[in-house]
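See below for the structure under consideration.
Numbering (the working numbering), first residue to last: 14 to 125.
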């Protein structure tokens, strides 16, 4: 019933909030967060919308142009240098899990 789904939806949304907060800023992305998002998408892809895919595409573009997105003069840490290629790769791995039609993103993804 619809009334039975409401408590589950509220619980799900409150549980996902910390993940979504970290996804709000591409500089907070890390491999464990993206791996966790991958597992969530495997289980609950119907609860996510197309906006997530659009946001991930934006983040890929920002990773492709790191000089523009980095604060001028801010040094990169060793950890960020080591994870640089891993984070965009983890983002790309998410697209086949996105609802409703991941093929919508394939052309844009190929251009990124």
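C-beta atoms are modelled at their ideal positions from N, C-alpha and C, and glycine is treated no differently. Predicted model only: the values in this text are computed from it and were never measured.
request  = Measure the alpha-carbon distance for residue 72 versus residue 107 and round it to whole angstroms.
outcome  = 12 Å
ask   = For the alpha helix (DSSP H) that residue 51 lies in, which residues bound it at each end?
value = Its alpha helix (DSSP H) spans residues 44 to 57.
task = With distances taken Cα to Cα, identify the nearest neighbour of residue 124 among 77, 111, 99, 97.
result = 77
ask   = Do residue 118 and residue 66 have their CB atoms nearer than 7 Å?
value = In this structure, residue 118 lies near residue 66, with their beta-carbon atoms less than 7 Å apart.
request  = Could you tell me which of 64, 74, 47, 39 sits nearest to residue 112, measuring between CA atoms?
outcome  = Sorting 64, 74, 47, 39 by C-alpha distance to the C-alpha of residue 112 places 64 at the top.
Residue 78 in three-state terms, based on DSSP = coil
message = Please classify residue 45 as buried or exposed, where buried requires at least 16 other C-beta atoms within 10 Å of its C-beta.
response = exposed
key: Boundaries of the alpha helix (DSSP H) in which residue 103 is found, first to last residue   = 99 to 105
task = Within 10 angstroms of the Cβ of residue 98, are there 16 or more other Cβ atoms? Answer buried if so, exposed if not.
result = The residue in question, residue 98, is exposed, as its Cβ has fewer than 16 Cβ neighbours within 10 Å.
key: residue 29 - DSSP class collapsed to helix/strand/coil   = helix
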